[in-house]
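Asker:
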Amino acid sequence: MDQRVLAVAEAHGATLAQIRLAWTLHQGPHVLAIPGTGNPAHLEQNVAAAALRLTEQELALLEQSA
59 MDQRVLAVAE
69 AHGATLAQIR
79 LAWTLHQGPH
89 VLAIPGTGNP
99 AHLEQNVAAA
109 ALRLTEQELA
119 LLEQSA
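Everything in the sequence shown is counted per our numbering, starting at 59 for the first residue and increasing by one.
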């Protein structure tokens, strides 16, 4: 587990998976994230990740961990 991802997740009250998904979505309109799950709770978390707004500093930090 990368401490940078953990720090951003804690700042947003989100899971690590949500932060990774939010980061992917912030890459631009040309990027499509297709997370799969059979678990309704995970589906809700995946949808909620799209609403996360990461700061420029957080995006830069996450880029370092990619």
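Beta carbons are placed, not taken as given, at the ideal position from N, Cα and C, and that holds for glycine.
Every value quoted in this text rests on a predicted model; they were computed, and no experiment measured them.
Find the nearest neighbour of alanine 124 within the set Ala107, Ala72, Trp81 and Ala65, judged by alpha-carbon distance.
Answerer: Ranking Ala107, Ala72, Trp81 and Ala65 by Cα distance to alanine 124 puts Trp81 first.
Asker: Enumerate in chain order the residues of its own chain whose CB-to-CB distance from arginine 62 is below 8 Å, with the five nearest sequence positions on each side excluded.
Answerer: Closer than 8 Å at the Cβ level, and outside the excluded window around arginine 62, lie Leu119, Leu120, Gln122 and Ser123.
Asker: DSSP on glutamine 85, reduced to helix/strand/coil?
Answerer: Note: glutamine 85 maps to coil in three-state DSSP.
Asker: When you compare only the Cα positions, how much space is there between histidine 100 and leucine 74?
Answerer: So the two alpha carbons sit approximately 12 Å from each other.
Asker: Using the beta-carbon count (16 or more within 10 Å), is glutamine 85 buried or exposed?
Answerer: So glutamine 85 ends up on the exposed side.
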